[in-house]
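So for the sequence shown, the numbering used here puts the first residue at 3; every next one is plus one.
A virtual CB, placed ideally from N, CA and C, is assigned to each residue, including glycine.
Computed from a predicted model, the values in this text were never measured in an experiment.
Structure first, then comments.
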Amino acid sequence: MHAKRIKTTTWQSSANRIISTAIFTLSACMLVACDAPVPVEKPQAAISAFASQLQRELKTALQADGPTGAVGVCHTRAAEIATTVGTGFGVEIGRTSMRLRNHANTPDDWEKEQLAMFRQQLGDGADPAALSAAAAKNMNGRTSYRYMQPIIVQPLCLTCHGTTLDPGLAAAIDELYPQDEARGYRAGELRGAFTVSWQK
């Protein structure tokens, strides 16, 4: 299913993000007795840093070694980058999806709920840039925070995640990820989400 795209101005996109975050935070608070809004600046910055570094390394590998090199970067470097970025921001950060390539990224129950919500909202025509989910839970004097932001399939992603893969590339993916489910996407679809957790 293709996501319907809605043109918005910069201020409308920002407003939509604020409203969306507030709605998710309110829903989460009703479920887990959240005492305060979730501070989203830190997880958003961590996601930006993680995505930027991973994208740079993927592009470098593509130019040097083609798609097979990019698959190698995802296999060996994605988790390392996530650890480095997470340590720098004081969070745990990763990626998850309902259609996994790396099953170490299997979503938990809360993440599954948010992924389903993202899919529904995108299907209803929501602006992907305006979507996020947040939750907070107080326990033993500390507050645990969670935050998610959708990942949308871009044209470049289709090289390794599209409906038709080069046979050599498909063989390399099969060798590294024998349980791969992350194929058959089209541009604009929900690929998964960045997921961040931290405590205060």
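**Prompt:** Which class does G96 belong to by DSSP, given the choice of helix, strand or coil?
**Reply:** strand
**Item:** Environment of Y97 [buried if 16+ CB atoms lie within 10 Å]
**Value:** Looking at the sequence itself, residue 97 is Arg, so the reference to Tyr does not match. R97 comes out buried.
### Message
Once DSSP output is grouped into helix, strand and coil, what is the label at C31?
### Response
The predicted position of C31 is uncertain, since its pLDDT is 40 and thus under 50; a value taken from the coordinates is nonetheless stated next. Helix, per DSSP.
- Message: I'd like to confirm the pairing. Which residues does DSSP put opposite M141 in its beta bridges?
- Response: R144
Query raised in the report: Going straight from the alpha carbon of L171 to that of P69, what length do you get?
Result: 7 Å
task = Helix, strand or coil for P152, going by three-state DSSP, please let me know.
result = strand
### Message
Check whether the segment 85 to 93 and the segment 153 to 161 touch, using three or more Cβ-Cβ pairs below 8 Å as the test.
### Response
no
Item checked: Assigned exposure category for D205 - 16 Cβ within 10 Å defines buried -> No answer is possible for residue 205: the residues shown for the chain start at 3 and end at 202.
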